[in-house]
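First comes the structure, then the notes that go with it.
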Amino acid sequence: AGAGLLPSAAHERARNIVASPLAGLDGSPALGERLAELDALVCASAAAASLSGRFLFALDDGRGDVDALGADVTLIADGDAFLLRIGPGDEVFRIPAAEGPRAALRAAEA
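In this text, residue positions in the sequence shown follow our numbering: the first is 29, and each later residue adds one.
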């Protein structure tokens, strides 16, 4: 953090976020804006600083590539919404895309 390379030294362990690598390049939804928003929210959350270094957020563009990783909290693009999955279960919650990053953080903080 002293060199300015980390936005938050206290949150570095909690910033485990993966996203579909081809998102937005082949007609699939772009995730960059939502990824940056989730990262900023994690860095601003005192509760997120205490997450395990093994805690994983995933943003999937709908193809299932990072959904298959079994992250602790997964957002899956679904048209103008996200499907929010908490843990490895099959149950998902459909939420507006703009609310996806905040909902993912709230799920992690719960």
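Just so you know, even glycine gets a beta-carbon here, dropped at the ideal spot from N, CA and C.
Note that the coordinates shown come from a computational prediction; the quantities given were computed from them, not determined experimentally.
Where does the unbroken alpha helix (DSSP H) through residue i begin, and where does it stop?
i      : result
Arg82  : Premise fails: Arg82 is in no alpha helix (DSSP H) and is neither H nor E.
Asp106 : Segment Val101 to Asp106 is the beta strand (DSSP E) holding Asp106; no alpha helix (DSSP H) there.
Provide the residue span of the beta strand (DSSP E) that contains residue i, from first to last.
i     : result
Val94 : No beta strand (DSSP E) holds Val94; DSSP gives it neither H nor E.
Ala47 : Ile45 to Ala47
Name the one or two DSSP bridge partners that residue i has.
i      : result
Ala109 : Asp106 and Pro124
Three-state secondary structure (DSSP) at residue i?
i      : result
Ala131 : helix
Leu33  : Summary for Leu33: the model assigns pLDDT 46, below 50, so the residue's position carries little reliability; its value from the coordinates is reported in the next sentence. Correct three-state label for Leu33: coil.
Ala64  : helix
Using only alpha-carbon positions, find the residue among the options that is nearest to residue i.
i      : options                         : result
Ala65  : Ser56, Ala136, Ala77 and Ala126 : The residue asked about is misnamed: residue 65 is Glu in this sequence, not Ala. Selected option, being the one with the closest Cα: Ala126.
Leu87  : Leu63, Ser73 and Ala135         : Leu63
Ala109 : Asp54, Ser78, Leu59 and Asn44   : Leu59
Leu79  : Asn44, Ala96, Gly90 and Gly115  : Asn44
Relative to the ligand GTP, is the shortest distance from any of its heavy atoms to the C-beta of residue i smaller than 8 Å?
i      : result
Pro129 : Because no ligand of any kind appears in the structure shown, any question about the ligand GTP cannot be addressed here.
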